[in-house]
Amino acid sequence: MRLEMGHIYIKDIQFGPESKIEDGVLYVSEEAVKAVALEEEKIKSVSLDIARPGESVRITPVKDVIEPRVKVEGRGGIFPGVISKTDTVGEGKTYALKGMAVVTAGKIVGFQEGIIDMTGPGAEYTPFSKTQNLVMVCEPEEGIEPHDYEKAVRLAGFRVAVYIGELARDLTPDETKVYETCTIKEGIEKYPDLPRVAYVQMLQSQGLLHDTYVYGVDAKRIVPTILSPTEIMDGAIVSGNCVSACDKNPTYVHLNNPVVHDLFEQHGKTLNFVCQIITNENVYLADKLRSSDWTAKLCKMLDLDGVIVSQEGFGNPDTDLILNCKKIEAEGVKTVIITDEYAGRDGKSQSLADADPAADAVITGGNANQVIILPKLDKVIGTLDYVTKIAGASEETLREDGSLEVELQVITGATNETGFNKLSAR
Amino acid sequence: MSKGNYIVITNNPLVFEKLKDGHEVIYREISYEEILKDVRDRIHDGHRLLTHPLSGSVKPNETPYKSILITKGKEKMDDWSVQIIESAIQACRKFEFKSDKYGAGVYKDFQMIDWTLLESGLASADLW
Chain A
1 MRLEMGHIYI KDIQFGPESK IEDGVLYVSE EAVKAVALEE EKIKSVSLDI ARPGESVRIT
61 PVKDVIEPRV KVEGRGGIFP GVISKTDTVG EGKTYALKGM AVVTAGKIVG FQEGIIDMTG
121 PGAEYTPFSK TQNLVMVCEP EEGIEPHDYE KAVRLAGFRV AVYIGELARD LTPDETKVYE
181 TCTIKEGIEK YPDLPRVAYV QMLQSQGLLH DTYVYGVDAK RIVPTILSPT EIMDGAIVSG
241 NCVSACDKNP TYVHLNNPVV HDLFEQHGKT LNFVCQIITN ENVYLADKLR SSDWTAKLCK
301 MLDLDGVIVS QEGFGNPDTD LILNCKKIEA EGVKTVIITD EYAGRDGKSQ SLADADPAAD
361 AVITGGNANQ VIILPKLDKV IGTLDYVTKI AGASEETLRE DGSLEVELQV ITGATNETGF
421 NKLSAR
Chain B
1001 MSKGNYIVIT NNPLVFEKLK DGHEVIYREI SYEEILKDVR DRIHDGHRLL THPLSGSVKP
1061 NETPYKSILI TKGKEKMDDW SVQIIESAIQ ACRKFEFKSD KYGAGVYKDF QMIDWTLLES
1121 GLASADLW
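As they're listed, the protein sequences go chains A and B. With our numbering as the guide, the letters of the first sequence map in order to residues 1 to 426. With our numbering as the guide, the letters of the second sequence map in order to residues 1001 to 1128.
Listed below in structure tokens is the structure:
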């Protein structure tokens, strides 16, 4: 599959009478965007705001972060099976609006997650402090069930991202990158001496606010399968989770998965990037055994030499991570696993809830229990009402001077397990 | 696994309410960690773990609620179940205890999330 990605850089977002992109500035008609969001019947009202890098702004509770894209050539459309009709994506030409994001926020449950600070120490921990953010705060119809509200906010975000992406359809990209994968046979013929490497991505799949969708299918209900890694660039995988925001993959991360991009960088040079394998993280132990069996079987059938495995979340998925690692290694395929740590506030506790000697190459996204003080910022988009209720926070979180004492786990993307974060030991 | 073949261990009143008719539910008003220890004791007694005790991203000691499925029947002690439950109990201690620090409305949401996590496990259990 060959996908040409055109990047269009957005340096500012402004409200205006008409939605358009001109000279790198996205102008947004509030009325038009609200109308798109309100196509979701369960949403009563939407308020829009803009948060720019460096501004004294805190966005919370963040539900999802989405990069607008448009499919200009090739099969299917963005977010297949969710917003566009189901069709295999990942080939042709796609444009992405770089440097900006659509951020959805809304109180779905009383311990809601996710902080993005646009300035100060908190901004150093989230990649989304560097993007121009169009923030949608969605209020639900009265009496709505949390399931329905979650779905409505999720879909409203995708609809708005697609609407904004469409504004770029006739533009000329500032930069173009080509991503090309081989068929199995082509790869063997073309790169006979390079190690065959795949990416095993574990998807969060446990229940409300803990779900992920693949071509619209709830990932709890999949068995492990293979994707061309270009498919994710058209939105084949989308997020339905936001609890413990530090190590969940917002849709933006799925679209821009750094493991995929880095493997493409090495494709044909140091390795042959064969494919992406997706698997799930169900709560039922027999499901874990089945999924890890299948993942290892696929690695064997594809004659892989090595895989990179990324986890999503903590605790329950630690078991899937170690099962995958052990079983894939037992098939003679080398593994590198990417995780994060819950090592306690002092960093001295056991980092994962499972372990095995086969896991001898481990990359960490950081310690989610690390405590950080977030100073009071001038403006809050969303509400601070729930900030004391999020994972890693408590009623004592909001201090007298207005600052917040929280663990890193509240910050969107802080310890991301695909490496899409800012923490480093370097 | 038919309903007759598993037991729900929970401290979540919502789970008890939803499942008490038609399922075998052991409802105990004890803490999250005590639920894990209760399950551990049953595992030592020969029950096998069916769902992961650390399901959900709301951490131990942050949510007060936990519901776990185990087999109804007893066999030889299952080593994997022991390993998972012991690691889960150990993990509890990493998190500051704040289950008692939330406003009243939040508890309902914690109950509801715990229910949806268990529900996804029940959906798989009922397939067997």
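We treat Cβ as the ideally placed atom computed from N, Cα and C, and that holds for glycine. On a predicted model such as this, the values are computed, not experimentally measured, just so you know.
Under 8 Å by Cβ, that's how I've got M100(A) and I10(A) pegged, so tell me the actual separation to the nearest angstrom.
Here residue 100(A) refers to the residue found at position 100 of the first sequence. Here residue 10(A) refers to the residue found at position 10 of the first sequence. M100(A) to I10(A), Cβ: 4 Å. Contact.
Between which two residues does the alpha helix (DSSP H) harbouring M136(A) extend?
Position 136 of the first sequence, counted from the start, is the residue given in the question as residue 136(A). Run containing M136(A): none in the alpha helix (DSSP H); it sits in the beta strand (DSSP E), 132-140.
Taking the straight line between their C-alpha atoms, what separation do you get for K1003(B) and D1126(B)?
Your numbering for residue 1003(B) matches position 3 in the second sequence. Your numbering for residue 1126(B) matches position 126 in the second sequence. The straight-line gap from Cα to Cα measures roughly 7 Å.
Is E145(A) helix, strand or coil by DSSP?
For this step, residue 145(A) is matched to residue 145 along the first sequence. Coil, per DSSP.
Quick check: F79(A) and V103(A), are their CB atoms within less than 8 Å of each other?
The sequence position of residue 79(A) within the first sequence is 79, counting from 1. The sequence position of residue 103(A) within the first sequence is 103, counting from 1. The Cβ atoms of F79(A) and V103(A) lie no closer than 8 Å to each other.
Short of 9 Å Cβ to Cβ, which residues in the stretch 1035-1061 of chain B face chain A?
For the stretch 1035-1061 of chain B, the set of positions with a beta-carbon nearer than 9 Å to some beta-carbon of chain A reads R1048, L1049, L1050, T1051, H1052, P1053, L1054, S1055, G1056, S1057, V1058, K1059, P1060 in chain order.
Looking at chain B, which residues of the stretch 350-367 of chain A have a Cβ within less than 8 Å of any of its Cβ atoms?
Closer than 8 Å at the C-beta level to chain B, one finds these residues of the stretch 350-367 of chain A: Q350, A353, D354.
Counting pairs of beta carbons, one from the stretch 186-198 of chain A and one from the stretch 242-259 of chain A, are three or more of them closer than 8 Å?
Contact between the stretch 186-198 of chain A and the stretch 242-259 of chain A is absent: fewer than 3 CB-CB pairs across the two stretches fall below 8 Å.
What is the DSSP secondary structure of C182(A), counted as helix, strand or coil?
The residue you call residue 182(A) lines up with position 182 of the first sequence. Three-state result, C182(A): coil.
If you reduce the DSSP assignment to three classes, tell me which class Q204(A) lands in.
Numbered from 1 along the first sequence, position 204 holds the residue referred to as residue 204(A). Three-state result, Q204(A): strand.
If you reduce the DSSP assignment to three classes, tell me which class D234(A) lands in.
The residue you call residue 234(A) lines up with position 234 of the first sequence. Helix, per DSSP.
With 8 Å as the threshold, decide whether the Cβ of F111(A) is near any Cβ in chain B.
Your numbering for residue 111(A) matches position 111 in the first sequence. Yes, its Cβ sits closer than 8 Å to a Cβ of chain B.
Output the distance between the C-alpha atoms of M1077(B) and R1048(B), rounded to the nearest integer angstrom.
Counting from 1 along the second sequence, the entry for residue 1077(B) is found at position 77. Counting from 1 along the second sequence, the entry for residue 1048(B) is found at position 48. Rounded to the nearest angstrom, the two C-alpha atoms are 8 Å apart.
For A358(A) and T172(A), I'd like the C-alpha separation in whole angstroms.
Position 358 of the first sequence, counted from the first residue, corresponds to residue 358(A). Position 172 of the first sequence, counted from the first residue, corresponds to residue 172(A). The alpha-carbon atoms of A358(A) and T172(A) are separated by roughly 48 Å.
Is I50(A) near L167(A), with beta carbons less than 8 Å apart?
Here the question's residue 50(A) lines up with position 50 in the first sequence. Here the question's residue 167(A) lines up with position 167 in the first sequence. In this structure, L167(A) does not lie closer than 8 Å to I50(A) by Cβ.
So, with DSSP's three-state summary, where would you put Q276(A)?
Position 276 of the first sequence, counted from the first residue, corresponds to residue 276(A). Q276(A) falls in the strand class under three-state DSSP.
Reference V283(A); option with closest CA among E1034(B), I1007(B), G1046(B), S1067(B)
Position 283 of the first sequence, counted from the start, is the residue given in the question as residue 283(A). Closest option to V283(A), Cα to Cα, is S1067(B).
Compare the beta carbon distance of Y179(A) and F264(A) with 8 Å and say whether it is the shorter of the two.
For the purposes of this step, residue 179(A) is taken as residue 179 along the first sequence, with counting starting at 1. For the purposes of this step, residue 264(A) is taken as residue 264 along the first sequence, with counting starting at 1. In this structure, F264(A) lies closer than 8 Å to Y179(A) by Cβ.
Are the beta-carbon atoms of A286(A) and S1055(B) separated by less than 8 Å?
Numbered from its first residue, the first sequence carries residue 286(A) at position 286. Numbered from its first residue, the second sequence carries residue 1055(B) at position 55. No, the Cβ-Cβ distance between A286(A) and S1055(B) is not below 8 Å.
Segments assigned alpha helix (DSSP H), at least 4 residues, entirely inside the stretch 277-345 of chain A
285-301, 316-330
Against chain A, with Cβ distances strictly below 8 Å, would V1008(B) count as a contact?
Numbered from 1 along the second sequence, position 8 holds the residue referred to as residue 1008(B). Output row for V1008(B): interface = no.
Strictly under 8 Å for the Cβ-Cβ distance: is T1071(B) near chain A by that measure?
Position 71 of the second sequence, counted from the first residue, corresponds to residue 1071(B). For T1071(B), the answer is no, since every Cβ of chain A falls outside 8 Å of its Cβ.
Continuous beta strand (DSSP E) stretch holding D428(A): start and end:
Since the first and last residues shown for chain A are 1 and 426, residue 428(A) lies out of range.
Using a Cβ-Cβ cut-off of 8 Å, state whether V243(A) counts as contacting chain B.
What you label residue 243(A) is simply residue 243 of the first sequence in a count that begins at 1. Yes, V243(A) lies at the interface with chain B (some Cβ there is under 8 Å from its Cβ).
Would T319(A) pass as an interface residue toward chain B - the criterion being a Cβ-Cβ separation below 8 Å?
Locating residue 319(A) in the first sequence gives position 319, counting from the first residue. Yes, T319(A) counts as interfacial toward chain B.
Please name the residues in the stretch 295-326 of chain A whose beta-carbon is closer than 8 Å to at least one beta-carbon of chain B, in chain order.
G313, F314, G315, N316, D318, T319
Inter-residue spacing [alpha-carbon to alpha-carbon] between K1018(B) and I1007(B)
Along the second sequence, read from residue 1 onward, the residue named residue 1018(B) stands at position 18. Along the second sequence, read from residue 1 onward, the residue named residue 1007(B) stands at position 7. Rounded to whole angstroms, K1018(B) to I1007(B) spans 14 Å at the Cα level.
To the nearest angstrom, how far is the alpha carbon of K300(A) from that of G90(A)?
Here residue 300(A) refers to the residue found at position 300 when the first sequence is read from its first residue. Here residue 90(A) refers to the residue found at position 90 when the first sequence is read from its first residue. Roughly 25 Å separates the two Cα atoms.
Three-state secondary structure (DSSP) at E1086(B)?
The residue given as residue 1086(B) occupies position 86 in the second sequence. Residue state, collapsed to three classes: helix.
Closer than 8 Å is the cut-off here; do at least three beta carbon pairs connect the stretch 109-120 of chain A with the stretch 33-42 of chain A?
no
At a CB-CB cut-off below 8 Å, which residues of chain B make contact with N421(A)?
As a working note, residue 421(A) is residue 421 in the first sequence. The premise fails here: N421(A) is roughly 17 Å from chain B at the closest Cβ pair, so nothing lies under 8 Å.
Exposed or buried, what is N1005(B) when buried is set at 16 or more other beta-carbons lying within 10 Å of its beta-carbon?
As a working mapping, residue 1005(B) is identified with position 5 in the second sequence. It counts as exposed.
Using a 10 Å radius around the Cβ and a threshold of 16 neighbouring Cβ atoms, would you call K63(A) buried or exposed?
Residue numbering aside, residue 63(A) sits at position 63 when the first sequence is read from its first letter. So K63(A) ends up on the buried side.
Below 8 Å on the Cβ atoms is my contact criterion, and I expect V1082(B) with I1043(B) to pass it. Report the Cβ-Cβ distance as a whole number of Å.
For the purposes of this step, residue 1082(B) is taken as the residue at position 82 of the second sequence. For the purposes of this step, residue 1043(B) is taken as the residue at position 43 of the second sequence. Rounded, the Cβ-Cβ distance is 6 Å, consistent with contact.
If you draw a straight line from the alpha carbon of L97(A) to that of R69(A), how long is it in whole angstroms?
For the purposes of this step, residue 97(A) is identified with residue 97 of the first sequence, where counting begins at 1. For the purposes of this step, residue 69(A) is identified with residue 69 of the first sequence, where counting begins at 1. C-alpha separation (whole angstroms): 6 Å.
Any C-beta of chain D sitting closer than 8 Å to the C-beta of I1113(B)?
Here the protein chains are A and B, and chain D is not one of them.
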